[in-house]
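Using this note's numbering, the first residue of the sequence shown is number 137, and each one after it goes up by one. Scroll down for the structure; my scribbles are underneath it.
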Amino acid sequence: EEEEEEEESGGGGEEEETAEAGAPVFRMMEDCLLKKIEISVSEAEKRTGRNAMNMQEMYTAYLVETRAVELQAEGHCSPPDSLWRRYSEFELLRNYLLVNYPHIIVPPLPEKRAEFVWHKLSADNMDPDFVERRRIGLENFLLRVASHPILCQDRIFNAFLTQEAGWKEMVNEAGFQLKADSRLKALNATFRVKNPDKRFTELKHYSDELQSVISHLLRVRARVADRLYGVYKVHGNYGRVFSEWSAIEKEMGDGLQSAGHHMDVYAASIDDILEEEEHYADQLKEYLFYAEALRAVCRKHELLQYELETAAQDLTSKKQQCEELATGTVRTFSLKGMTSKLFGQETPEQREAKLKVLEEQIHEGEEQVKAKNLESRDFVKSAWADIERFKEQKNHDLKEALISYAVMQISMCKKGIQVWTNAKECFSKM
């Protein structure tokens, strides 16, 4: 029944300190929001409400708390400001950030439904353990945004933290939906762009590979967790057998009973071990979802490049038309050339009027190409600065997560050795 397992690993991330072992640390810039306020998602609560179809539904609300750092430093213990947010509101905030900051790798949200689950884990999104892990993920998302040098200054994000009533209306008034690029438009740009930037093409390929590697790693980890759970739990049978055996022995009874107790402790310890392990899996999942954020930046660049190429092509076409009209020669087959042959040439006045229109269009086209060039250059400069920031963060985070995972495995093995050492001592005393 043994299967061969393969192992893969990813890279690492950035930042300054959190309470949980192996959790990402958040490096704080000079103007970072985290220097001014503490942010936490402190609890989750199941609620019942009505959806857009006026049907009753169960959902989870999360308590977002903020507290001024200055007050803490001065020794004030005032209660934090707090408000409740649904997961869909976190989604709305992230969609807004994606549209308004297309050059930034916007931090991902935790999964809406559990992925890469092993048999003991529930895939139900209302399961208490899953809701707790998602609470931690949502807090991590807010801390990521609050530690970003640009995103942390956004007024909509700040309002999300402090303004419960009217926040959605504020987002909608920002009109970000109108700025959103259609998927069809982006897909068209991907296939029709002629001169893609090699750096962004390589980054897109890397994001695909990163997603594939982390997916495989999570699948392997889920299979190992399944096997490990079974191995630990079956040790409970040792406990039962030793206990039964002790009942029929006089000199050996106490030793067998004690050994059985150690086996029971060993069998029960796997629940806490795998619960801790799930937090490391969630850290890997964050970078699984970051891969899509990387691709979003690449797609935006492709779209800008395609718009620039289209504008340049249109300008070249207008200049050719102007030259043909001025000289009276037609270089390529066109409907206009056929019409001239069939119905006669245009009058000088008509030609002059058309030339004037074309010259205005050429001037507009030149301005448009200039603007598109500038927009593209600015995007590349800003995007690449954020990509470098992200690479540093990724390398640190994944390195720390993998080291912490290895330390946890070593600790688990040491506890197993200790259990069998204790059992050996019990047998020796018999």
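We treat Cβ as the ideally placed atom computed from N, Cα and C, and that holds for glycine.
- Between which two residues does the beta strand (DSSP E) carrying S176 extend? Start and end: 173-186.
- Could you give the DSSP three-state label for M566: helix, strand or coil? In this structure, M566 counts as coil in the three-state DSSP scheme.
- With burial defined as no fewer than 16 other Cβ atoms inside 10 Å of the residue's Cβ, what is the status of K340: buried or exposed? Label assigned to K340: buried.
- Message: In this structure, how does DSSP classify D290 when only helix, strand and coil are distinguished?
- Response: Correct three-state label for D290: coil.
- Query: What do you get for N276, buried or exposed, if any count of 16 or more other CB atoms within 10 angstroms of its CB means buried?
  - Reply: By the 10 Å Cβ count, N276 comes out buried.
- Query: Okay, do the stretch 363-381 and the stretch 397-410 touch, 3+ Cβ pairs below 8 Å being the bar?
  - Reply: Flag = yes, the stretch 363-381 and the stretch 397-410 touch.
- Item | The alpha helix (DSSP H) enclosing S405, as first and last residue numbers | From DSSP, S405 is part of no alpha helix (DSSP H); its letter is neither H nor E.
- Message: Is it the case that the stretch 231-247 contacts the stretch 262-274, given that we only count it when at least three CB pairs across the two stretches are under 8 Å?
- Response: The answer is yes - the stretch 231-247 touches the stretch 262-274, with three or more Cβ pairs under 8 Å.
- Message: Can you tell me where the beta strand (DSSP E) holding Y198 begins and where it ends?
- Response: Here the beta strand (DSSP E) through Y198 covers 192-204.
- Task: Assign M221 to one of three DSSP states: helix, strand, or coil.
- Result: This sequence places Arg at residue 221; Met is not what is there. Of the three classes helix, strand and coil, the one that applies to R221 here is strand, per DSSP.
- Nearest candidate by alpha-carbon position, reference A316, set P238, V543, T202, A507: Comparing alpha-carbon positions, the option among P238, V543, T202, A507 lying closest to A316 turns out to be P238.
- Task: Use the C-beta contact count for A301: other C-beta atoms within 10 angstroms, 16 or more gives buried, fewer gives exposed.
- Result: Classification of A301: exposed, given that the 10 Å Cβ count is below 16.
- Task: Give the C-beta separation of V516 and D333 to the nearest angstrom, bearing in mind that I take them to be a contact with Cβ-Cβ under 8 Å.
- Result: D333 and V516 do touch by the CB rule: their CB atoms are close to 7 Å apart, below 8 Å.
- Item | Extent of the continuous alpha helix (DSSP H) to which A282 belongs | First-last of the alpha helix (DSSP H) with A282: 264-283.
- Quick one: what does DSSP say C168 is sitting in, helix, strand or coil? In this structure, C168 counts as coil in the three-state DSSP scheme.
- Query: Are the beta-carbon atoms of E445 and V367 separated by less than 8 Å?
  - Reply: No, the pair does not count as a contact, with Cβ atoms beyond the cut-off.
- In the structure shown, what three-state DSSP assignment does Y237 receive? Reduced to three states, the DSSP call for Y237 is coil.
- Item | Cα-Cα separation, L364 to C549 | For L364 and C549, the gap between their C-alpha atoms comes out near 12 Å.
- R249, DSSP secondary structure in three states: Here R249 sits in coil by DSSP.
- What are the boundary residues of the alpha helix (DSSP H) that N373 is part of? Following the DSSP letters along the chain, one finds N373 inside the alpha helix (DSSP H) bounded by residues 334-382.
- Message: Counting C-beta neighbours from all protein chains within 10 Å, is the total for A489 16 or more, i.e. buried, or is it exposed?
- Response: Label assigned to A489: exposed.
- Between R186 and Q192, is the Cβ-Cβ spacing less than 8 Å? Judged by their CB atoms, R186 and Q192 are nearer to each other than the 8 Å cut-off.
- Which residue from M194, T202, E528 puts its Cα closest to that of S178? Of the candidates M194, T202, E528, the one whose C-alpha sits nearest the C-alpha of S178 is T202.
- Query: If we count the other Cβ atoms within 10 Å of its Cβ and call it buried at 16 or more, is R435 buried or exposed?
  - Reply: So R435 ends up on the buried side.
- Message: Please report the distance separating the alpha-carbon of L314 from that of V235.
- Response: Across the structure, L314 and V235 are spaced so that their CA atoms are roughly 9 Å apart.
- Task: Measure the beta-carbon distance from I241 to F526 and round it to whole angstroms, keeping in mind my assumption that it falls under 8 Å.
- Result: In this structure I241 is in contact with F526, their Cβ atoms being roughly 5 Å apart against a cut-off of 8 Å.
- Do you know offhand how far W556's Cα is from N531's? Going from the Cα of W556 to the Cα of N531 covers about 38 Å.
- Message: Quick test of your reading: L461 and R487, contact by CB under 8 Å. State the CB separation rounded to the nearest angstrom.
- Response: Their Cβ separation, rounded to whole angstroms, is 6 Å, which keeps L461 and R487 in contact under 8 Å.
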